[in-house]
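Peer 1: Numbering (our numbering), first residue to last: 74 to 613. Please find one structure pasted underneath; my questions will follow.
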C-alpha cells in the first residue's frame, strides 16, 4: 500500500540509511481474473498467476481519497517520496505482458490493445529440467496477449501515465513468457523482437535516463533482441525462507555475469538486511558493482549491516565493474564439488577487491527439480588470494613501473599484509562465510617510503571511498600524499614509515600507526564544504 511504502522509507531514514532509489513492486496495478464455470479447469495452486491487467492506472490501495481526478494517487505518493524523503529515483514493476496473466480481453478501456487469450507452449527441454507453476497455470487458463501491432501503443500509454506521475523507470518482469507465445505471430523470435522494440522505444520516449530493469529475461531471444536496456537481473529471486537458495544465489550471479556483464549491468536482486544470510548477501552485492536495495519489512532492519553498504547521505560505494569469478575459479564448481571456494573480483579507482565465499552444500537437484541442500554439514575449506586475482589491478597502480607489490586488507579479520609479487594469502571459511580482501598496489612516494590507500575500513567496499590519490613534494621536502575521499568514518592506509602528520580539509587530525603492519588509521568526520567528500593529506 501507499502507507506501507511511506512507512518503509521513514523507517530506513530514521535508522541512518536513507533510501535514494525506490521500486514499487507487484501490487500497485488494477487486476482481475476471468470467471470460470468449471472449477476443475483451473490449476488451483497457481491460479493467482492468471490474474490480468484491467487498467493502466494504479489500484485503489494507491489512489487518493481526495482530489482523485485532479491528482492521481500514484503521483501524490511519488511526489511525497521525493520531496519529504529525499528519494531521487522511483521505479515501478510491471510484467512484459502487462501482468502475470497479461491484459484482460474483456476489460473496459483495454479493447484498443486487441488483447486475446493465448496459451503458452513450453519447450520440452525446459519442462524436463524445471517445471514451473506459473507456466503450468497459464497453459490452462491462458494469457491475455496484447497484439504485437498494438504493443507500441500499450507500452507508450502505460509509461506516459507513469512518467506523468513522476516515475523515473520500470522493472519489467516475466519477460521469458513471450518466447512461449509465438504461434500465430511469426514465431517466438519475431514476437520477442516486436515486444522489445516497442518496450525500448517507449522507455526512450518516456524515461530519458533509460530507466528499465529487465527481469526473468535469460532466454536467448530476449538477450539478443534488447539493444538499449542496460540493467538485467542476473539471478533467480532472493528466497528468504529457502535455506538452500543463498549459496546458489551468489555463485549463480557470479558465473552468469561472465556473459551478461559484457553487454549489460547485472542486477543481484533485493535482499533482507535482517536475515541469517544478510551479511553474506550484502558483502557479495557490495563488490558486485550492482545496485543495492533491500525489501525489508518496515521496522525490520539491521542498521549495522546497512551502514556497511550505505553512506549517511544515502549513496553507496559501488565498485566500477560487474563482479566476476577470478580466473582460477572458472572451471570449478564452488557450490557442489566440496573443495572450492568462490572468488569474485572487482575494481575501484585506486585499488581492487576480491570477495571469497564458501558456497558449498546446495545445488540444483535433477530428480526433485529444485534447489536443495545435498550436504547438511559441508567442511571448512581453505584457499588463497593473491593480488593478481584482480585482473585489472595494474590500472590501480597509476604508473607503468609498478613492481607488483601490494598490501591486502581483510575486512572481517581486520588484518593488513604486504604481499610481494606473486605471493598468496591463505583464507579459511565455513559454509555461508565470506571474507573481503582489499588489494592496494604499493607505490614509492619518497626515498625509502612506500604507500597505499585502503579506504573506509568499516565499509564492505572500503576502497570505493578513495576517488583520487596524488603525491607531491612539500615545502619541507617531505612527500605529501593527497587523497580525495568520499564518505566518513575510520579511514585506513598503508605506509612503510610513520607519517609526520595527517590532515582532513587542511585541519590536522589525530591518527594511529601500527609499526608491525604499517597500518595508518584516522577518523574522517562528516565533511562540511562538499557533501561526504573531503581532502585527506598524509605527510611522510
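Positions of the beta carbon are idealized from the N, C-alpha and C atoms, including for glycine.
Please report the straight-line C-alpha distance between residue 282 and residue 570, rounded to a whole angstrom.
Peer 2: Your numbering for residue 282 matches position 209 in the chain shown. Your numbering for residue 570 matches position 497 in the chain shown. If you take the alpha carbons of residue 282 and residue 570, they lie about 47 Å apart.
Peer 1: Within a Cβ cutoff of 7 Å, which residues of the same chain sit near residue 238, ignoring the five residues on either side of it in sequence?
Peer 2: The sequence position of residue 238 within the chain shown is 165, counting from 1. Hits under 7 Å: 145, 147, 148 and 151.
Peer 1: Check whether the Cβ atoms of residue 246 and residue 289 lie closer than 7 Å to each other.
Peer 2: On the chain shown, position 173 is the one that residue 246 refers to. On the chain shown, position 216 is the one that residue 289 refers to. In contact: residue 246 and residue 289 (Cβ atoms closer than 7 Å).
Peer 1: Leaving out five residues before and five after residue 646 in sequence, what residues of the same chain have Cβ atoms less than 7 Å from its Cβ?
Peer 2: In this structure the chain extends from 74 to 613, so residue 646 is not present and cannot be described.
Peer 1: Compute the Euclidean distance between the alpha carbons of residue 527 and residue 296, then round it to the nearest angstrom.
Peer 2: Position 454 of the chain shown, counted from the first residue, corresponds to residue 527. Position 223 of the chain shown, counted from the first residue, corresponds to residue 296. Approximately 38 Å, taken between the alpha carbons.
Peer 1: With a threshold of 8 Å, are at least 3 pairs of Cβ atoms found where one atom belongs to the stretch 363 to 377 and the other to the stretch 510 to 517?
Peer 2: Judged by Cβ distances under 8 Å, the stretch 363 to 377 makes no contact with the stretch 510 to 517, as fewer than three pairs qualify.
Peer 1: Using 8 Å as the Cβ pair cut-off and three pairs as the minimum, do the stretch 480 to 499 and the stretch 441 to 454 touch?
Peer 2: Contact fails: fewer than three Cβ-Cβ distances are below 8 Å.
Peer 1: Kindly provide the ranges of any alpha helix (DSSP H) runs that are 4 or more residues long and lie completely inside the stretch 469 to 497, ordered along the chain.
Peer 2: As far as the stretch 469 to 497 is concerned, it has no whole alpha helix (DSSP H) run of at least 4 residues.
Peer 1: State buried or exposed for residue 206, treating a residue as buried only when at least 16 other CB atoms are found within 10 Å of its CB.
Peer 2: By one-based count along the chain shown, residue 206 stands at place 133. Classification for residue 206: exposed.
Peer 1: Might you give, ordered along the chain, the residues of its own chain that have their beta carbon closer than 7 Å to the beta carbon of residue 343, omitting 5 neighbours on each side?
Peer 2: Position 270 of the chain shown holds residue 343. Taken in chain order, the residues that qualify are 311, 366, 367 and 368.
Peer 1: State the CB to CB distance for the pair residue 535 and residue 567, rounded to an integer number of angstroms; the pair is presumed to be in contact (CB under 8 Å).
Peer 2: Within the chain shown, the letter at position 462 stands for residue 535. Within the chain shown, the letter at position 494 stands for residue 567. That pair is no contact at about 12 Å.
Peer 1: Can you tell me which of 254, 279 and 327 puts its alpha carbon nearest to the alpha carbon of residue 294?
Peer 2: Residue mapping note: residue 294 aligns to position 221 of the chain shown, counting from 1. Comparing Cα-Cα distances from residue 294 to each of 254, 279 and 327, the minimum goes to 254.
Peer 1: Please classify residue 339 as buried or exposed, where buried requires at least 16 other C-beta atoms within 10 Å of its C-beta.
Peer 2: Taking the chain shown and counting its residues from 1, one reaches residue 339 at position 266. Buried.
Peer 1: Quick one: grab the DSSP three-state call for residue 612.
Peer 2: Your numbering for residue 612 matches position 539 in the chain shown. DSSP places residue 612 in strand when its eight states are reduced to three.
Peer 1: So the beta strand (DSSP E) residue 206 belongs to, where does it begin and stop?
Peer 2: Indexing the chain shown from 1 puts residue 206 at position 133. Counting along the chain, residue 206 falls outside any beta strand (DSSP E), though it belongs to the alpha helix (DSSP H) covering 206 to 214.
Peer 1: State yes or no: is the C-beta of residue 358 within less than 7 Å of the C-beta of residue 431?
Peer 2: Stepping through the chain shown from its first residue, residue 358 is reached at position 285. Stepping through the chain shown from its first residue, residue 431 is reached at position 358. In this structure, residue 431 does not lie closer than 7 Å to residue 358 by Cβ.
Peer 1: Could you say if the stretch 224 to 232 and the stretch 260 to 272 meet the contact criterion of at least three C-beta pairs nearer than 8 Å?
Peer 2: In short, these stretches touch, since the Cβ pair count reaches three.
Peer 1: Of the residues 423, 508, 88 and 451, which one's Cα is nearest the Cα of residue 15?
Peer 2: Because the chain here runs from 74 to 613, residue 15 falls outside it and cannot be looked at.
Peer 1: Closer than 7 Å, CB to CB, is residue 95 near chain C or not?
Peer 2: The chain labelled as chain C is not found in the depicted structure, where only one protein chain is given.
Peer 1: Determine the contact status of residue 360 and residue 412, defining contact as a CB-CB distance below 7 Å.
Peer 2: Numbered from 1 along the chain shown, position 287 holds the residue referred to as residue 360. Numbered from 1 along the chain shown, position 339 holds the residue referred to as residue 412. Not in contact: residue 360 and residue 412 (Cβ atoms no closer than 7 Å).
Peer 1: What is the rounded straight-line gap between the Cα of residue 436 and the Cα of residue 407?
Peer 2: Taking the chain shown and counting its residues from 1, the one referred to as residue 436 is at position 363. Taking the chain shown and counting its residues from 1, the one referred to as residue 407 is at position 334. Answer to the nearest angstrom: the Cα atoms are 10 Å apart.
Peer 1: Specify whether the stretch 573 to 580 and the stretch 532 to 546 touch according to this definition: at least 3 beta carbon pairs, one from each stretch, less than 8 Å apart.
Peer 2: No: the two stretches stay apart, fewer than three of their Cβ pairs being nearer than 8 Å.
Peer 1: State the DSSP-derived secondary structure class of residue 144, mapped to helix, strand or coil.
Peer 2: Residue mapping note: residue 144 aligns to position 71 of the chain shown, counting from 1. Coil, per DSSP.
Peer 1: Which partner residues does residue 585 have in the DSSP bridge list?
Peer 2: Working through the chain shown from its first residue, we reach residue 585 at position 512. According to DSSP, which records beta bridges pairwise, residue 585 is partnered with 594.
Peer 1: Use the C-beta contact count for residue 595: other C-beta atoms within 10 angstroms, 16 or more gives buried, fewer gives exposed.
Peer 2: Locating residue 595 in the chain shown gives position 522, where the first residue counts as 1. Buried, because 16 or more other Cβ atoms sit within 10 Å of the Cβ of residue 595.
Peer 1: Looking only at DSSP bridge pairs, what is residue 419 linked to?
Peer 2: Mapped onto the chain shown, residue 419 falls at position 346. Paired residues: 426.
Peer 1: Return yes when the Cβ of residue 538 is within less than 7 Å of the Cβ of residue 557, no when it is not.
Peer 2: Stepping through the chain shown from its first residue, residue 557 is reached at position 484. Stepping through the chain shown from its first residue, residue 538 is reached at position 465. It is not a contact, given that the beta carbons lie outside the stated cut-off.
Peer 1: Could you give the residue range of the beta strand (DSSP E) that holds residue 509?
Peer 2: As a first step, residue 509 is located in the chain shown; it is residue number 436 there, counting from the start. Where residue 509 is concerned, the enclosing beta strand (DSSP E) stretches over 507 to 514.
Peer 1: Can you check the stretch 177 to 246 for any alpha helix (DSSP H) of at least 4 residues that lies completely inside it and give the ranges in chain order?
Peer 2: Here the runs fully enclosed are 197 to 202, 206 to 214 and 224 to 237.
Peer 1: If I measure Cβ to Cβ from residue 614 and keep anything under 7 Å in the same chain, skipping five residues before and after, which residues do I get?
Peer 2: Outside the modelled stretch of the chain, which goes from 74 to 613, sits residue 614, for which no answer is possible.
Peer 1: Using C-beta distances below 6 Å, list every residue in its chain close to residue 195, excluding the 5 sequence neighbours before and after it, in chain order.
Peer 2: Counting from 1 along the chain shown, the entry for residue 195 is found at position 122. These residues qualify, in order along the chain: 208 and 253.
Peer 1: Write down the C-beta distance between residue 427 and residue 458 rounded to the nearest angstrom, noting that I regard them as a contact closer than 8 Å.
Peer 2: Within the chain shown, residue 427 is the residue found at index 354, counting from 1. Within the chain shown, residue 458 is the residue found at index 385, counting from 1. That pair is a contact at about 5 Å.
Peer 1: Does the Cβ-Cβ distance between residue 552 and residue 480 come in under 7 Å?
Peer 2: Here residue 552 refers to the residue found at position 479 of the chain shown. Here residue 480 refers to the residue found at position 407 of the chain shown. No, they are not a contact pair.
Peer 1: Would you report the Cα separation of residue 541 and residue 221, rounded to the nearest angstrom?
Peer 2: To locate residue 541, count along the chain shown from 1; it is residue 468. To locate residue 221, count along the chain shown from 1; it is residue 148. If I take the Cα positions, the gap works out to 50 Å.
Peer 1: Which residue wins for smallest C-alpha separation from residue 382, given the options 529, 79, 583 and 80?
Peer 2: Mapped onto the chain shown, residue 382 falls at position 309. When each option's Cα is compared against that of residue 382, the closest is 529.
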